[in-house]
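Each residue of the sequence shown is one higher than the one before, counting from 1 in UniProt numbering. The structure under discussion appears below in the form of structure tokens.
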Amino acid sequence: MRNAALVLGIVAGIFGMIVGFFGYGYTAAVEHFGEVEGLAEQVGNVQQLRLLAVLSPLLAIAGGAMARARALWGGVLLLGSAAGMYGGFGFNVFTIFPISFAVTAGLMALAAGQPDEPKAHF
């Protein structure tokens, strides 16, 4: 379960980085070029969105990387990343996979209480 949490956490972080780049770029473009009514309007809290666009993917990658050695800390970071992505971008077609992967990886990391034991599969 720790390996699955590692992979899902890193994938969530990479997808989250893509969403974060576009979110940060959108706010910067609207700030630079101005609003176009009905097409491009500035978000309510620009600093919060920019902060969460950077921190949430970072937490997902760090949590995924920690999932093998420190499952509890990794799981908490992954769930924090999912909460940050949800708070910054909401739950929509672009964030459904990073949020779902981060939540799944976080729960798997938390469920992996003891280190994996090698067992014969035959």
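Glycine included, each C-beta is placed from N, C-alpha and C at the ideal position. In this text, all values refer to a predicted model and were calculated from it rather than measured experimentally.
_C-alpha distance - R68 paired with L6, whole-angstrom precision_ = 7 Å
*Among L110, G23 and G25, which has the Cα closest to the Cα of W73?*
L110
*Counted within 10 angstroms of its Cβ, other Cβ atoms place H121 as buried (16 or more) or exposed*: Here H121 scores only 44 on pLDDT, less than 50, and its place in the model should not be relied on; the value that follows carries that caveat. Classification of H121: exposed, given that the 10 Å Cβ count is below 16.
_Rounded straight-line distance, which links the Cα of Y26 to that of V54_ = 14 Å
*Can you grab the Cα-Cα spacing for the pair L79 / G20, in whole Å?*
17 Å
*Please confirm whether A102 and G44 have their CB atoms less than 8 Å apart.*
no
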